[in-house]
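Going by UniProt numbering, the sequence shown opens with residue 1, and the numbers climb by one from there.
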Amino acid sequence: MRDSLAGRASELAVLRDALDRRSGEAVVVGICGDPGIGKTRLLGELAAEARRRGCPVLAGRAAEFEREVPFGTIRNALADHVDTRSAAPGAADLRLLRTVFPALTAEPEAAEPALLATERYRVHRAVRALLEGIAAERGLVLVLDDLHWSDAGSVELLDHLLRHPPRGGVLLALAYRPRQAPARLGHAMAAAVRRGLATVVTVGPLSFAEAAPLLPAGAGPRRRRQLYDASAGNPFHLELLARGADLDGTAPPPDVASAMAGEFAALDAERRRVLHAAAVTGDDADPGLLAAVAELPLGAVLAALDDLTARDLVRPAGFGGAVRFRHPLLRSAAYHHAGPGWRVAAHARAAAELRRREAPVADQAVHVHASAAVGDLDAVRLLRTAAEQALRVTPAAAAHWLHAALSLLPRQDATVATRIELLHLRAEALGITGRLTEGRALLNELLGMLPPGSEPRSRVISFLCSLLHLLGDHKEAHALVLRELEGLPEPRGMAAGTLRVALALTTLMTGSAGDAAVAEAIETARHTGSRPLLAASLGVGVAVSQASGSGQESAARLDEATAMVDAMPDHELAERLDAALFLGWGELYLERYGSAQRHLRRAQRVARATGQSHLIGSLQTLEGVVLCCTGDLREGLPLLDDALESETLTGARDGRARVQGYRCWVLVWTGDVAQALAAGTEAETLAGGHRDWQSASADGMLGWARYAAGDAEGCLQLMLTAGQGADLRAVRPQWRPRWFEVLTAAAAATGNRRLAAELAAGAAELTAGPVLPRHAGMIAMARMHADLHTEPRAAAGHAARAAELFAQAGDRLGVARARLYLGAAHRDTAGPARAGREIAAAQAEFARCGARPHWLARITGIPLDAGDPAEPADPGTRRLTPRELDVLALLAESLTAAAIGRRLGISAGTVHKHLSALYRKLGTGDRLATVLRARALGLLPDAGG
């Protein structure tokens, strides 16, 4: 890398170091500074050095006047390399990449991916995989310039890459003006710097000594100082001033704008016209397009381009004679140098030529927006089409195009319906991008156009409530629905039914009494005869009653809703797809995990088929929770990770808080306690502003992570404060069993036997009424923790009972932890052999779940298997049942089949069936080989132990 770049030795050293560190891991370097300060030159030096080292370089640049072209910056850099052999994207990724690179070809039989706007992280992952593919052989340097002008889609992608950097030797070099950069990019870069992933180089003005090589050699000392002072040490300004400087110094140097205008004035009319056309069409415009915009013959345009290139106003770019300006500031100056009327006509000619070429609608929309007049309905239709195409992957661009369409739509009676449609669509786009406050304002405007009591109005109210819930304004949503219900002309129609479901949901979110609202919602829905509406009201009813602890009717309501949803065809369910979501929550609360998973997977399929993007994050979250409740962490955690990406893209604080809370809980069991603490801390921060049920939930998850991290005191302080005392009166009833289990364990870990006993007694009081098996298992575990160090025999009884209850509920993770503690209790009561069997069974179950809770070794004193349970030594061991593990443990004691049967209370024939299953799963043929294989896999304690 050349050190001769004037005054930039320290900056070049940082870039050189970034290249040196780019071996096997991603490196990010940001170059920020004012316009013309030298960011582009530094990127050029970095690219040249990378090429000298044999590393591929891809480069792209954002453009000031094309900020709404979806993924414009990324397409500019990668479009020519997506189909290369080195990238080799798979078929699924290739289909996703076509949403960014429309020119990509896919197999004829390949269907387009069912991609929703809130799942656009899947596109981001595909681009990351593409970068990894390109970098696989010799690494990769991706250079992106002028990101302060970048489109929203590219910024979201960069945010994803900075949070999930590509594997392999990828260097991302990003240049931008810090004061103009999108907030999302600034926050992402700051976070990457904190994590040690990124380094930011701030490029400042040159000193007079550093600027000396850029000053005219023939100018005297006074003139050189004048030029430097006029440029304020900005290299681009200095070069521009020096190009036309009066060397004798008799006149003061011009300002920068005048200097650029002087360069344009030196051109004849034809060359100025081509320069203005290039400013209108943008970077990499081909001569044919320039000819159409400039209204000149192609030969004249080519001759003009030769002259403009010789003057270094434009430079060759790409293929086919395309050019780009020497510097973006020159393009901006040339654009504004052209007359405003000429620019409008030029944009219209550009739009017409691109339409003739059948160019992507988004490329046409840039010029249509800049040239159309109010009342141009063809322009409105094209802008709407551009928005609808952009909505899945770049909803921010969709919102922009819809705003443009609305500005062109005349305010006439004939266009009211179209305006309502465009407003609703734009509100959806704003909500998806996280601009929730703007979306709320738009929906309020839309309400003023809809008659009271109409079904469309009630649907808009329901949508507005959803945005308010995402904003955390649950009380405002509650008040909004109450006001709307008061003025309703027909209290038992579809509009009323929609509003009453929304009201019942607001009682759930606010934590207020909701039984009456639920009853009215169900009654109104029955009156309407709408099955989807009734299913939604029944599902919300179950969630409300479980949250309030008044769940006597929950099972019957859930049975009715389940039968109703199962009987509906998909197109009918799609009318109120949230019915499946509410049903899933109800089934989770009542521990019907298999049914919940079935309904949630169907709902996601219908959501993708019908474009109901707003539900997908909640559906993914709930399915992830359901799977983890059954112990399937391998499937559940990735779903929660997907849901987190969805909520991050929408900017919904409450939704992100919920997902991070659940991830905290799961990450503790996977052994990633540090990540669990980070997730729990973020959940508490996001939810902590309201001090409501959601903040309490976040406190409970973070308290759990603190306990696992060895901070039992911190766990007690946080959770007892959130619960408002040891009776946990501030905690929702369905959460209390888990809270009692965690708090009793933490109290026992601190040696506070009195508090542990008090908490265990509080847990036992919950059994006075009906208790579901999983909750009963948690209560038994709370009592076990209180007794473990003082009454191990009683503790063993509680742990054994908990294991039975967890097995009844289908919670394999619960079974594993109960059997582990049962083994710990047996060490002092039943002896090491029986303890060893329980511990081995627990270890095997943890492995099958994908759990790695090594922190439990500190608490129980039991060293857990140090192997990685994410991939057991033999695939067959994943399928060993608890009964097969019991038989295996007794087999190791050299017992006969009859003796094993007597111990376990089963027949000898049943024992032989279990033995046959063990031989098959472990790949053995006799008893001795089976025991030896089991010991090698860690399923049995060592013979000497």
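We put the CB at the ideal spot given by N, CA and C, even for glycine. Computed from a predicted structure; not experimentally measured.
State the DSSP-derived secondary structure class of A18, mapped to helix, strand or coil. In the sequence shown, counting from the first residue as 1, residue 18 sits at position 18. Helix at A18.
Please go through the same chain and pick out, in chain order, the residues whose beta-carbon is closer than 6 Å to the beta-carbon of D828, but skip the five residues on each side of it. As a first step, residue 828 must be located in the sequence shown, where it is residue number 828. So the qualifying residues of the chain are P792.
Please classify P35: does DSSP put it in a helix, a strand, or coil? Translated into positions along the sequence shown, residue 35 becomes position 35. Three-state DSSP puts P35 in coil, outside helix and strand.
How is T202 classed by DSSP in three states: helix, strand or coil? Working through the sequence shown from its first residue, we reach residue 202 at position 202. Looking at T202 - three-state DSSP - the assignment turns out to be strand.
Alpha carbons only, please: which of A18, P328, W342 is nearest the one belonging to L197? Here residue 197 corresponds to residue number 197 of the sequence shown, with the count starting at 1. Per the Cα distances, A18.
What separation, rounded to the nearest whole angstrom, lies between the Cα atoms of E484 and L533? Within the sequence shown, numbered from 1, the residue matching residue 484 stands at position 484. Within the sequence shown, numbered from 1, the residue matching residue 533 stands at position 533. Approximately 18 Å, taken between the alpha carbons.
Taking the C-alpha atoms as reference points, what is the distance between H571 and A495? For the purposes of this step, residue 571 is taken as the residue at position 571 of the sequence shown. For the purposes of this step, residue 495 is taken as the residue at position 495 of the sequence shown. Rounded to the nearest angstrom, the two C-alpha atoms are 20 Å apart.
What does the alpha-carbon distance come out to for the pair E523 and S554? Numbered from its first residue, the sequence shown carries residue 523 at position 523. Numbered from its first residue, the sequence shown carries residue 554 at position 554. Cα-Cα distance, rounded: 16 Å.
Where L932 falls: helix, strand or coil (DSSP): For this step, residue 932 is matched to residue 932 along the sequence shown. Of the three classes helix, strand and coil, the one that applies to L932 here is helix, per DSSP.
Just checking, does the stretch 754 to 770 make contact with the stretch 785 to 799 on the three C-beta pairs under 8 Å criterion? yes
Does the stretch 726 to 733 come close enough to the stretch 710 to 717 that 3 or more CB-CB pairs lie under 8 Å? no
Alpha-carbon spacing of D413 relative to P456, whole angstroms: Here residue 413 refers to the residue found at position 413 of the sequence shown. Here residue 456 refers to the residue found at position 456 of the sequence shown. Going from the Cα of D413 to the Cα of P456 covers about 18 Å.
Distance between V200 and A191 (C-alpha atoms, nearest Å): Position 191 of the sequence shown, counting from 1, holds the residue named residue 191. Position 200 of the sequence shown, counting from 1, holds the residue named residue 200. About 12 Å.
Does the beta carbon of V100 fall short of 7 Å from some heavy atom of the ligand GTP? The ligand GTP is not part of this structure, which contains no ligands at all.
Taking the alpha carbon of H237 as the reference point, which residue from T281, L755, L215, M778 has its own alpha carbon closest? Counting from one through the sequence shown, the residue named residue 237 turns up at place 237. It is L215 whose Cα lies nearest to the Cα of H237.
Would you verify that the beta carbon of V626 is, or is not, closer than 8 Å to some beta carbon of chain C? Among the chains of the structure shown, chain C does not appear; only one protein chain is present.
Cβ-based burial, F71 [other Cβ within 10 Å; buried from 16]: Within the sequence shown, numbered from 1, the residue matching residue 71 stands at position 71. Buried, since its Cβ has 16 or more Cβ neighbours within 10 Å.
DSSP-derived helix/strand/coil call for L305: Counting from 1 along the sequence shown, the entry for residue 305 is found at position 305. Three-state result, L305: helix.
Among N76, L142, E132, V368, which residue has its Cα nearest to the Cα of A47? Along the sequence shown, one-based indexing puts residue 47 at 47. Among N76, L142, E132, V368, the Cα nearest to that of A47 is on L142.
For F740, does the count of other Cβ atoms within 10 angstroms reach 16, so buried, or fall short, so exposed? On the sequence shown, residue 740 is found 740 positions in, with the first residue counted as 1. Buried, since its Cβ has 16 or more Cβ neighbours within 10 Å.
Starting from the Cα of G453, find the closest Cα among G493, R419, V416, L436 and give me that residue. Position 453 of the sequence shown, counting from 1, holds the residue named residue 453. Minimum Cα distance to G453 is reached at G493.
Specify the secondary structure class of V542 as computed by DSSP and reduced to three states. Numbered from its first residue, the sequence shown carries residue 542 at position 542. Looking at V542 - three-state DSSP - the assignment turns out to be helix.
Three-state class that DSSP yields for R324 in the structure shown: Mapped onto the sequence shown, residue 324 falls at position 324. In this structure, R324 counts as strand in the three-state DSSP scheme.
By DSSP's criteria, G60 is part of a beta bridge. Which residues make up the other side? To locate residue 60, count along the sequence shown from 1; it is residue 60. The partner list for G60 (beta bridge, DSSP) reads L144.
Whole-angstrom Cβ separation of E270 and L296, contact assumed at under 8 Å? Mapped onto the sequence shown, residue 270 falls at position 270. Mapped onto the sequence shown, residue 296 falls at position 296. Indeed, because the Cβ distance is near 7 Å, the residues count as touching under 8 Å.
Nearest-angstrom Cβ-Cβ length linking L131 and V170, presumed shorter than 8 Å: Here the question's residue 131 lines up with position 131 in the sequence shown. Here the question's residue 170 lines up with position 170 in the sequence shown. Confirmed, about 6 Å.
If you count every other CB in all the chains shown that lies within 10 Å of the CB of E66, and 16 or more means buried, which is it? Counted from its first residue, the sequence shown places residue 66 at position 66. The residue in question, E66, is buried, as its Cβ has 16 or more Cβ neighbours within 10 Å.
When the Cβ atoms of the stretch 794 to 806 are set against those of the stretch 774 to 781, are three or more pairs found closer than 8 Å? yes
Going by DSSP in three states, L289 sits in which element: helix, strand or coil? The residue you call residue 289 lines up with position 289 of the sequence shown. Residue state, collapsed to three classes: helix.
Taking the beta carbon of V416 as the centre, do at least 16 other beta carbons fall within 10 Å, making it buried, or is it exposed? Taking the sequence shown and counting its residues from 1, one reaches residue 416 at position 416. It is exposed - the Cβ of V416 has fewer than 16 other Cβ atoms within 10 Å.
Within the continuous alpha helix (DSSP H) that includes P792, where are the two ends? Position 792 of the sequence shown, counted from the start, is the residue given in the question as residue 792. Counting along the chain, the alpha helix (DSSP H) containing P792 begins and ends at 792 to 809.
Per DSSP, cross-strand counterpart(s) of residue 954: Any answer about residue 954 is impossible in this case: the structure gives the chain only from 1 up to 945.
Please check the pair L227 and A242, which I expect to be a contact at CB under 8 Å, by giving their CB distance rounded to whole angstroms. Counting from one through the sequence shown, the residue named residue 227 turns up at place 227. Counting from one through the sequence shown, the residue named residue 242 turns up at place 242. Correct: roughly 6 Å between the Cβ atoms.
If contacts are defined as beta-carbon pairs under 8 Å, then P620 and L639 qualify, I think. What distance do you get, rounded to the angstrom? By 1-based counting over the sequence shown, the position of residue 620 is 620. By 1-based counting over the sequence shown, the position of residue 639 is 639. According to the sequence provided, residue 620 is Gln. The question's Pro does not apply to it. That belief holds up - the Cβ atoms of Q620 and L639 are roughly 5 Å apart, short of 8 Å.
Sorted by chain position, which residues of the same chain lie with C-beta nearer than 8 Å to G861's C-beta, five sequence neighbours on each side aside? Translated into positions along the sequence shown, residue 861 becomes position 861. Only A824 meet the Cβ criterion.
Going along the chain, which residues of its own chain have a beta-carbon closer than 7 Å to the beta-carbon of P491, five neighbours each way excluded? Translated into the one-based positions of the sequence shown, residue 491 becomes position 491. Same-chain partners within the cutoff: there are none.
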